[in-house]
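A.B. asks:
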Amino acid sequence: GPDGEKSWSKKYPSCGGVLQSPIDLHSDILQYDASLVPLGFQGYNVSANEQFILTNDGHSVRLNLIPDMHLQGLRSRYTATQLHLHWGSQNDPHGSEHTVGGKHFAAELHIVHYNSDLYPNASSASNKSEGLAVLAVLIEMGSFNPSYDKIFRHLQDVRYKGQAVLIPGFSIEELLPERPDEYYRYKGSLTTPPCHPTVLWTVFRNPVQISQEQLLALETALYYTYVDDPSPREMVNNFRRVQEFEERQVYISFRQ
């Protein structure tokens with residue numbers, strides 16, 4: 001949790017280094033860039049005949065993605081590897097990692113891709129230049145979201161660390177917000193140790209909504225600990241605080 005963050009850099013020097021994420025997206029660091037074209041989401045419409053593995057990895061709930069999925073429109077092909085979420089708690093439901101003008105959203109989805117033109121898999125790409133590309137979706141409380149529920153309805157099956165369940169394939173593109181051509185783009189890092197500064201971030205401008213009940217399920221269903229741990233720890237507030245962002249620029253694909 002957030003308490004442990006300060007000690008990360010003792011064991012993982014990158015966490016105290018350059019290009020750290022997440023950041024606050026505020027107007028004086030934003031610069032319009034006309035070359036930021038809409039991304040193509042290839043193979044994102046996964047058939048229900050395919051299966052995804054949903055797992056509790058002790059940090060988040062993670063959905064392993066299939067290699068047919070890739071991003072188009074970046075300098076290399078980036079192949080999808082997994083998605084996961086970050087959230088707050090029942091008492092403080094403001095658990096997005098990125099903030100906009102200082103404001104937290106309820107939660108945040110990360111769809112992680114690796115540079116498959118240059119590297120054989122995500123783990124070898126993760127500490128290399130231009131190794132990773134992450135799509136970030138800001139999530140706010142609002143109306144019920146049937147697409148996100150395709151993940152949330154299985155949370156009870158992965159309550160404890162190491163638990164996994166097969167779920168039917170569905171269109172990952174449905175998890176993206178309206179007008180996905182409007183986004184923030186910057187060079188940053190993984191938001192969990194080892195915090196490698198190797199991520200090309202795309203944070204979509206528009207949030208998606210999930211219901212209060214859906215958010216509550218996310219905030220209360222999961223544990224950081226194994227099923228037999230005598231002192232279970234609730235998986236809450238699994239987001240990193242925003243990082244210093246000096247002398248850097250965030251490029252935006254939309255006019256403010």
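In full-length UniProt numbering, the protein residues as written are 1 to 256. Just so it is clear, CB atoms sit at the ideal spot from N, CA and C, and this is done for glycine as well.
Is D157 helix, strand or coil by DSSP?
C.D. replies: Reading the sequence shown from its first residue, position 157 is the one you call residue 157. Correct three-state label for D157: helix.
A.B. asks: Which value, in whole angstroms, describes the spacing of the CA atoms of K10 and H98?
C.D. replies: Counted from its first residue, the sequence shown places residue 10 at position 10. Counted from its first residue, the sequence shown places residue 98 at position 98. So the alpha carbons of these two residues sit roughly 24 Å apart.
A.B. asks: Which one of S126, N127, A136 and T79 has the shortest CA to CA distance from A107?
C.D. replies: The sequence position of residue 107 within the sequence shown is 107, counting from 1. Of the listed residues, the one whose Cα sits closest to A107 is A136.
A.B. asks: Grouping DSSP H, G and I as helix and E and B as strand, with all else coil, what is T220?
C.D. replies: In the sequence shown, the residue the question calls residue 220 occupies position 220. Helix, per DSSP.
A.B. asks: With a Cβ-Cβ cutoff of 8 Å, do T192 and H59 count as a contact?
C.D. replies: Translated into positions along the sequence shown, residue 192 becomes position 192. Translated into positions along the sequence shown, residue 59 becomes position 59. Yes, these two residues count as a Cβ contact at 8 Å.
A.B. asks: Here's the rule: buried if 16 or more other CB atoms are within 10 angstroms of the residue's CB, otherwise exposed. What is A133?
C.D. replies: Position 133 of the sequence shown holds residue 133. So A133 ends up on the buried side.
A.B. asks: Taking the alpha-carbon positions, what's the A34 to Y223 distance?
C.D. replies: In the sequence shown, the residue the question calls residue 34 occupies position 34. In the sequence shown, the residue the question calls residue 223 occupies position 223. Cα-Cα distance, rounded: 44 Å.
A.B. asks: Can the beta-carbon of Q214 be found less than 8 Å from the beta-carbon of D149?
C.D. replies: For the purposes of this step, residue 214 is taken as residue 214 along the sequence shown, with counting starting at 1. For the purposes of this step, residue 149 is taken as residue 149 along the sequence shown, with counting starting at 1. Taking 8 Å as the Cβ cut-off, Q214 and D149 qualify as a contacting pair.
A.B. asks: Are there 16 or more other CB atoms within 10 angstroms of the CB of K103, so buried, or fewer, so exposed?
C.D. replies: In the sequence shown, the residue the question calls residue 103 occupies position 103. Per the 10 Å Cβ criterion, exposed.
A.B. asks: For V18, tell me which candidate among H84, Y183, H26 and C195 has the shortest Cα-Cα distance.
C.D. replies: Residue 18 sits at position 18 when you count from the first residue of the sequence shown. For V18, the nearest C-alpha among the options comes from C195.
A.B. asks: Whole angstroms is fine: what's the gap from M235's alpha carbon to I29's?
C.D. replies: Numbered from its first residue, the sequence shown carries residue 235 at position 235. Numbered from its first residue, the sequence shown carries residue 29 at position 29. Spanning the two alpha carbons is a distance of roughly 33 Å.
A.B. asks: Is D149 helix, strand or coil when you go by DSSP?
C.D. replies: Counting from 1 along the sequence shown, the entry for residue 149 is found at position 149. The answer is helix: DSSP assigns D149 an H, G or I state.
A.B. asks: Hey, L176 and F204 are a contact pair by Cβ (cut 8 Å); roughly how many whole angstroms apart?
C.D. replies: Counted from its first residue, the sequence shown places residue 176 at position 176. Counted from its first residue, the sequence shown places residue 204 at position 204. 7 Å between Cβ atoms; contact.
A.B. asks: Considering only the beta carbon of each residue, do S76 and L118 sit closer than 8 Å?
C.D. replies: Within the sequence shown, numbered from 1, the residue matching residue 76 stands at position 76. Within the sequence shown, numbered from 1, the residue matching residue 118 stands at position 118. Cβ atoms of S76 and L118: closer than 8 Å.
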